[in-house]
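> Sharing a structure with you now.
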Amino acid sequence: MYPKLESKFKSKLAFYKPNKSGAGSAIQFDLNKDKQSVFVEISRQVGERVFDWANKITFKLSLMDLGKLLVVLSGKSKQVQLFHDPSKGEYALAKETKNATLSLTKGDYGFFLKVSQQSQEGALNSIQISLADDEAMVLEILLRKAVEEIGGW
59 MYPKLESKFK
69 SKLAFYKPNK
79 SGAGSAIQFD
89 LNKDKQSVFV
99 EISRQVGERV
109 FDWANKITFK
119 LSLMDLGKLL
129 VVLSGKSKQV
139 QLFHDPSKGE
149 YALAKETKNA
159 TLSLTKGDYG
169 FFLKVSQQSQ
179 EGALNSIQIS
189 LADDEAMVLE
199 ILLRKAVEEI
209 GGW
């Protein structure tokens with residue numbers, strides 16, 4: 059479908075938002091050149107500057123998903139919600155996950171990103187994080203570069 063990627067990306071883009079009450083979160087974005095996608099991993103804070111990556115939520119962003127997020131990050135829309143049903147493809151998570159959503163909303167002072175995952179049993183796991191405008195700008199640059207790499211442009 060797309061040409062094989064030789065990625066220039068050397069590391070993940072991560073935002074860590076711990077807080078004193080222990081209710082913070084962290085998120086990271088990683089271009090996977092073999093799967094030609096960007097993987098989002100989000101985790102809850104479980105201690106002082108400690109995050110529960112063992113129980114993270116993972117969301118795979120396709121080329122078109124990246125475009126939808128860029129519409130919000132570039133100010134052309136206020137919100138986007140992505141819905142994935144792993145059972146419709148041959149995904150490793152299909153046995154455990156019924157569906158997953160990722161929403162990005164522009165607020166008055168930045169952006170709110172929320173990732174939710176529903177298990178086959180119906181349990182809902184949801185984690186959100188806020189991004190300041192400067193952080194969102196860096197994310198926008200990364201996603202634009204990922205679109206170029208995935209598209210081979």
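Position in the sequence shown (from 1) plus 58 gives the number in our numbering.
Cβ coordinates follow ideal geometry from the N, Cα and C atoms, glycine included.
1. For D191, report the span of its beta strand (DSSP E) as first-last.
2. DSSP three-state label for A112, please.
3. What separation, rounded to the nearest whole angstrom, lies between the Cα atoms of L71 and K93?
4. Over what stretch of residues does the alpha helix (DSSP H) that includes K126 continue unbroken?
5. Below 9 angstroms between beta carbons: does that hold for L197 and L189?
6. DSSP puts N183 in a beta bridge; with which residues?
7. Using the Cβ count rule (16 or more neighbours within 10 Å means buried), how would you classify V108?
8. Residues in its own chain within less than 7 angstroms of K126 by CB, not counting five upstream and five downstream?
9. Work out the CA separation of Y74 and S83 for me, nearest whole Å.
10. Output needed for P76: all residues of its chain with C-beta closer than 6 angstroms, excluding positions within five of it in sequence on either side, in chain order.
11. Hey, would you say G168 sits closer than 9 angstroms to A194, going by beta carbons?
12. Under DSSP, the beta strand (DSSP E) around D88 begins and ends at which residues?
Let me lay it out:
1. Your numbering for residue 191 matches position 133 in the sequence shown. Premise fails: D191 lies in the alpha helix (DSSP H), D191 to G209, not in any beta strand (DSSP E).
2. Position 54 of the sequence shown holds residue 112. It is helical.
3. Position 13 of the sequence shown, counted from the start, is the residue given in the question as residue 71. Position 35 of the sequence shown, counted from the start, is the residue given in the question as residue 93. Between L71 and K93, the C-alpha separation is close to 18 angstroms.
4. Counting from 1 along the sequence shown, the entry for residue 126 is found at position 68. Segment L121 to L131, the alpha helix (DSSP H) holding K126.
5. In the sequence shown, residue 197 corresponds to position 139, counting from 1. In the sequence shown, residue 189 corresponds to position 131, counting from 1. Yes. Within cutoff.
6. The residue labelled residue 183 in the question sits at position 125 within the sequence shown. Q175, per the DSSP bridge assignment.
7. Here residue 108 refers to the residue found at position 50 of the sequence shown. Label assigned to V108: exposed.
8. In the sequence shown, residue 126 corresponds to position 68, counting from 1. Result list for K126: V138 and L140, in chain order.
9. Taking the sequence shown and counting its residues from 1, one reaches residue 83 at position 25. Taking the sequence shown and counting its residues from 1, one reaches residue 74 at position 16. Approximately 6 angstroms, taken between the alpha carbons.
10. Numbered from its first residue, the sequence shown carries residue 76 at position 18. Here the set comprises G82, Q103 and R107.
11. In the sequence shown, counting from the first residue as 1, residue 168 sits at position 110. In the sequence shown, counting from the first residue as 1, residue 194 sits at position 136. Yes, the pair counts as a contact, with Cβ atoms nearer than the cut-off.
12. Numbered from 1 along the sequence shown, position 30 holds the residue referred to as residue 88. Run containing D88: S83 to N90, per the beta strand (DSSP E) assignment.
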